Amino acid sequence: MHVLAAGSAVDPALSNLSDNLVLGMILVYAVALFLFVFEAAYGRRQSLTGTRLVAVGASEAENSDLKVSLREQEPEAKASRHVVGKIGMAVTAVGLLLNLAQIVTRGLAVGRWPWGNMFEFVIAICLCGVAAFLFAAMRYRAHYLGAFVLVPVLLLLGIAVRWLYSESGPVVPALDSYWIAIHVSALILATGAFMVSGSATITYLLARRTEVKQALGQQVSAIAAKLPSAELLDRIAHRMIVLAFPLWTFGVIAGAIWADEAWGRYWGWDPKEVWSFITWIVYAAYLHARATAGWQGPKAAWISLIGFGCLLFNFFGVNYLFSGLHSYA
9 MHVLAAGSAV
19 DPALSNLSDN
29 LVLGMILVYA
39 VALFLFVFEA
49 AYGRRQSLTG
59 TRLVAVGASE
69 AENSDLKVSL
79 REQEPEAKAS
89 RHVVGKIGMA
99 VTAVGLLLNL
109 AQIVTRGLAV
119 GRWPWGNMFE
129 FVIAICLCGV
139 AAFLFAAMRY
149 RAHYLGAFVL
159 VPVLLLLGIA
169 VRWLYSESGP
179 VVPALDSYWI
189 AIHVSALILA
199 TGAFMVSGSA
209 TITYLLARRT
219 EVKQALGQQV
229 SAIAAKLPSA
239 ELLDRIAHRM
249 IVLAFPLWTF
259 GVIAGAIWAD
269 EAWGRYWGWD
279 PKEVWSFITW
289 IVYAAYLHAR
299 ATAGWQGPKA
309 AWISLIGFGC
319 LLFNFFGVNY
329 LFSGLHSYA
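Numbering of the sequence shown is given in our numbering, commencing with residue 9 and proceeding in unit increments.
Right, dumping it as structure tokens:
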């Protein structure tokens, strides 16, 4: 990642404060993760009920597709929520404020939109991902997702600090445009929501496996038994994708318009453009399958995870495996 050398416009004090805030929010997010893991391990058991598996077809031997009828988990009353989970939510909110403060101080230090390189982009994605998690946790009382969201957040922040860090300074000329506030912002918001969707989908697959075992009378681990209902997790993942998909669509279209202004063409088969479109296609297929084919459960979940994998490859793999016009971002 290359940026222009910092000029006189950079405020050293704000730049140093911004860097220190990165370390501060990593520490706070790590504490929150510990609290969520503790809650998962020692919190009270979630209420899950179900019926025994029923084979579909002539006989169980002829058909291995089993359907599980499970009652949706009832939301826990606020008073019964484990105190550790509550503290974890509060600590996460503090980390979110530090995350926001880091972005604001970085922007003020350099006098531009603070997502002009991969380091800044990752910080902004983490902000949106944590914000989306807090919204989902409050809306669906799914604070258990905290452990599954904060792990990738901390990994991304660690990667950003260790390998992606860029000194505060002006952006490369190609990014010196008002379009950075439109195109990149939309993709940041979408990626944050996709992150929560990916975490919810992984948790869903674990929860569904647990529910199947419980329906068969098999033993499951104490931690697995505390997972939220698979149906609830599937709904969270779906609604996060419904939120993120139009933002991603808008971001891709805005990028094409910006490309026409910057390079004189809307589409040039640049690796970043191609994989952004592939990601769009996979998530579009996911939404189409759920809306028209009635795909629910694991089939839709795996399409969602493929889309999330394309998203990650577009961000990390494309930047380091291919050279193109987006090599700086």
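Even for Gly, the Cβ is constructed at its ideal location relative to N, Cα and C. Predicted model, so just to flag it, every value in this text is computed and none were measured.
Taking Cβ to Cβ, would you say tryptophan 277 is nearer than 7 Å to valine 192?
In the sequence shown, residue 277 corresponds to position 269, counting from 1. In the sequence shown, residue 192 corresponds to position 184, counting from 1. Contact flag unset, no.
Quick check on the DSSP output: the alpha helix (DSSP H) that includes tryptophan 256 runs from which residue to which?
Start at 1 with the first residue of the sequence shown, and residue 256 comes out as number 248. It spans 238-271 - the alpha helix (DSSP H) in which tryptophan 256 sits, taken as one unbroken run.
In terms of residues, what are the limits of the alpha helix (DSSP H) holding asparagine 28?
Reading the sequence shown from its first residue, position 20 is the one you call residue 28. It spans 20-50 - the alpha helix (DSSP H) in which asparagine 28 sits, taken as one unbroken run.
Phenylalanine 285 to histidine 296, Cα distance in whole Å?
Looking up residue 285 in the sequence shown gives position 277. Looking up residue 296 in the sequence shown gives position 288. One C-alpha to the other measures close to 16 Å.
Do the CB positions of serine 26 and threonine 100 come within less than 7 Å of each other?
Residue 26 sits at position 18 when you count from the first residue of the sequence shown. Residue 100 sits at position 92 when you count from the first residue of the sequence shown. It is not a contact, given that the beta carbons lie outside the stated cut-off.
Determine the extent of the alpha helix (DSSP H) in which isoleucine 289 is found, giving its start and end residues.
The residue labelled residue 289 in the question sits at position 281 within the sequence shown. Its alpha helix (DSSP H) spans residues 279-296.
On the CB-based measure, 16 or more other CB atoms within 10 Å of its CB, does leucine 31 come out buried or exposed?
What you label residue 31 is simply residue 23 of the sequence shown in a count that begins at 1. Classification for leucine 31: exposed.
Take lysine 221 and list the residues in its own chain whose beta-carbon comes closer than 6 Å to its own, dropping the five residues that flank it on each side.
Mapped onto the sequence shown, residue 221 falls at position 213. So the qualifying residues of the chain are Val228.
Would you mind stating whether phenylalanine 316 and glycine 177 have Cβ atoms separated by less than 7 Å?
Looking up residue 316 in the sequence shown gives position 308. Looking up residue 177 in the sequence shown gives position 169. Taking 7 Å as the Cβ cut-off, phenylalanine 316 and glycine 177 do not qualify as a contacting pair.
So, helix, strand or coil for glutamine 110, using DSSP?
Working through the sequence shown from its first residue, we reach residue 110 at position 102. Three-state DSSP puts glutamine 110 in a helix.
Please report the residue range of the alpha helix (DSSP H) in which lysine 234 lies.
Here the question's residue 234 lines up with position 226 in the sequence shown. Unbroken run through lysine 234: none, as it is neither H nor E.
Tell me where the alpha helix (DSSP H) around isoleucine 190 begins and ends.
Position 182 of the sequence shown, counting from 1, holds the residue named residue 190. Looking at the DSSP string, isoleucine 190 is not in any alpha helix (DSSP H), and its letter there is neither H nor E.
Let's see if you can read the secondary structure: which residues bound the alpha helix (DSSP H) around glycine 124?
As a first step, residue 124 must be located in the sequence shown, where it is residue number 116. Run containing glycine 124: none; DSSP gives neither H nor E here.
Would you kindly check if the distance between the Cβ of alanine 238 and the Cβ of alanine 215 is under 7 Å?
For the purposes of this step, residue 215 is identified with residue 207 of the sequence shown, where counting begins at 1. For the purposes of this step, residue 238 is identified with residue 230 of the sequence shown, where counting begins at 1. Yes; because the gap between Cβ atoms is below 7 Å, this pair is in contact.
Starting from asparagine 327, trace the alpha helix (DSSP H) in both directions and tell me its first and last residue.
The count along the sequence shown starts at 1 and reaches residue 327 at position 319. Looking at the DSSP string, the run of the alpha helix (DSSP H) that includes asparagine 327 is 326-329.
Quick check: the Cα distance between leucine 163 and leucine 319, rounded to an integer number of angstroms?
Along the sequence shown, read from residue 1 onward, the residue named residue 163 stands at position 155. Along the sequence shown, read from residue 1 onward, the residue named residue 319 stands at position 311. If I take the Cα positions, the gap works out to 16 Å.
So, for glutamate 80: in the same chain, excluding its five sequence neighbours on each side, which residues have a beta-carbon less than 7 Å away from its beta-carbon?
Working through the sequence shown from its first residue, we reach residue 80 at position 72. Summary for glutamate 80: the model assigns pLDDT 41, below 50, so the residue's position carries little reliability; its value from the coordinates is reported in the next sentence. Hits under 7 Å: Ser237, Glu239, Leu240.
Give me the residue from Leu135, Arg217, Leu213 with the minimum Cα distance to methionine 203.
Mapped onto the sequence shown, residue 203 falls at position 195. Comparing Cα-Cα distances from methionine 203 to each of Leu135, Arg217, Leu213, the minimum goes to Leu135.
Does the distance from the C-beta atom of phenylalanine 194 to that of leucine 255 stay below 7 Å?
Mapped onto the sequence shown, residue 194 falls at position 186. Mapped onto the sequence shown, residue 255 falls at position 247. One point to set straight first is that residue 194 is alanine, not phenylalanine, in the sequence displayed. Yes, the pair counts as a contact, with Cβ atoms nearer than the cut-off.
Using DSSP with H/G/I as helix, E/B as strand and the rest coil, what is alanine 150?
Residue numbering aside, residue 150 sits at position 142 when the sequence shown is read from its first letter. If DSSP states are grouped into helix, strand and coil, alanine 150 belongs with coil.
So, using beta-carbon positions, are valine 36 and valine 102 closer together than 7 Å?
The count along the sequence shown starts at 1 and reaches residue 36 at position 28. The count along the sequence shown starts at 1 and reaches residue 102 at position 94. Closer than 7 Å, so yes.
Using the Cα positions of leucine 78 and glutamate 219, report the straight-line distance between them to the nearest angstrom.
Along the sequence shown, read from residue 1 onward, the residue named residue 78 stands at position 70. Along the sequence shown, read from residue 1 onward, the residue named residue 219 stands at position 211. Because the pLDDT at leucine 78 is just 37, under 50, the model does not fix this residue reliably, and the point stays unresolved.
Please say whether leucine 183 and leucine 116 have beta carbons closer to each other than 7 Å?
Counting from 1 along the sequence shown, the entry for residue 116 is found at position 108. Counting from 1 along the sequence shown, the entry for residue 183 is found at position 175. No, these two residues do not count as a Cβ contact at 7 Å.
What residue from Ala144, Tyr186, Val130 has the CA that sits closest to tyrosine 173's CA?
On the sequence shown, position 165 is the one that residue 173 refers to. That would be Val130, whose Cα lies nearest to the Cα of tyrosine 173.
Could you tell me the boundaries of the alpha helix (DSSP H) in which phenylalanine 316 lies?
Along the sequence shown, one-based indexing puts residue 316 at 308. Per DSSP, phenylalanine 316 belongs to the alpha helix (DSSP H) from 306-320.
Can the beta-carbon of isoleucine 196 be found closer than 7 Å to that of alanine 132?
Stepping through the sequence shown from its first residue, residue 196 is reached at position 188. Stepping through the sequence shown from its first residue, residue 132 is reached at position 124. Closer than 7 Å, so yes.
If you reduce the DSSP assignment to three classes, tell me which class tyrosine 3 lands in.
A question about residue 3 goes unanswered here, because the residues of the chain that appear run from 9 up to 337.
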